[in-house]
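Before any comments, here is the structure.
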Amino acid sequence: RCLAMIRKATKEEIVVELTNLYDHFFITTGECKAKVTASRLPYFDGDYWPGVAEDMVNQLHQEEDDQKLQKKGNAKKIIRKRALEAAGHTDLSGNASEDDMLMQKLGETIYPMEEDFIMVHLQYSCSNCRSFMSSGKRWACHQCRSFYICDKCYSAEQELEERERHPSNSRETHELHPVDIVGVPEETKDGDGIIESKFFDTRHAFLSLCQENHYQFDTLRRAKHSSMMVLYRLHNPTVV
């Protein structure tokens with residue numbers, strides 16, 4: 001039902017696009033110029049992947065700092081270098097190779113459950129530099145799904161030779177059409193004050209609240225009732 005709601009919002013142009021974390025960040029194309037590291041991946045407090053990434057970083061550091069098993073450590077470095085070269089990475093120096101190795105391990109972990117890591121895009125992002133476009137124009141390709149670039153990347157695109165322009169994997173060049181970006185505020189201000197509540201500090205606390213009080217959202221009728229009760233709890237935290 002959550003996905004159905006998001007798809008409806010996409011049709012009504014409330015949401016720009018629905019993807020998942022793996023497809024958006026781990027499947028790279030030749031046209032993406034931005035280097036994607038783990039620090040660029042979005043997350044909420046209590047999400048699955050940040051904890052997994054932290055364990056992986058500790059594991060990589062442990063391998064580097066293990067002086068007693070130096071020969072084994074060198075063998076691991078060789079294996080790591082070969083794995084990165086096979087994946088198409090060219091910069092294998094220190095921090096760069098560690099970032100690439102972390103992304104590779106994360107991708108392997110997330111891939112089997114990629115559909116669970118949904119991403120809802122509220123703004124258009126440039127397919128080349130990954131920056132969000134809030135003003136000016138976005139240049140869209142009517143032949144390729146979800147390909148948009150910003151003014152800066154479009155200017156750089158025009159300076160390339162025709163065979164190097166979009167799409168990079170085809171001999172035929174696609175025409176890019178300008179679309180004015182309107183209605184995107186530079187700063188979002190919430191007129192309502194911040195209400196602190198222990199029930200909404202973490203996702204687990206909210207889940208416990210719903211489980212203890214049988215708040216369900218599987219039908220419209222139950223969702224309306226549960227939302228009403230949740231809001232009542234928020235505004236009346238001391239009432240039993």
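Under the UniProt record's numbering, think of the first position of the sequence shown as 1, with each following residue one higher. Glycine residues also receive a C-beta, built at the ideal position from the N, C-alpha and C atoms.
Here DSSP, grouped into helix, strand and coil, assigns ASP99 to helix. One thing to note: SER134 has its Cβ within 8 Å of the Cβ of GLN123. Bridge pairing for ALA140: TYR148 and HIS177 [DSSP]. In this structure, ALA53 sits near ALA38, with a CB-CB distance shorter than 8 Å. Annotation for CYS141: PHE147, HIS166, HIS174 and LEU176 place their beta carbon closer than 7 Å to its own, counting only its chain and skipping 5 residues before and after. Judged by DSSP secondary structure, GLU17 falls within the beta strand (DSSP E) whose first and last residues are 17–20. Shown here for LYS152: not one same chain residue has a beta carbon closer than 6 Å to its own, the five before and five after excluded. For VAL120, the enclosing beta strand (DSSP E) has its first and last residue at 118–121. In this chain, MET133 is not harboured by any alpha helix (DSSP H), its DSSP state being neither H nor E. Non-local beta-carbon contacts of PHE25 in its own chain, meaning distances under 7 Å to residues more than five positions away in sequence, involve VAL36 and LEU41 in chain order.
By the criterion of a C-beta distance shorter than 8 Å, GLU186 is surrounded in its chain by SER134 and SER135, once the five residues flanking it on both sides are discounted. Closest by C-alpha distance to TYR22, out of HIS235, LYS137 and GLU114, is GLU114. Listed as beta-bridge partners of SER125 by DSSP are PHE132. Going by DSSP, ILE6 is part of the alpha helix (DSSP H) stretching over 2–11.
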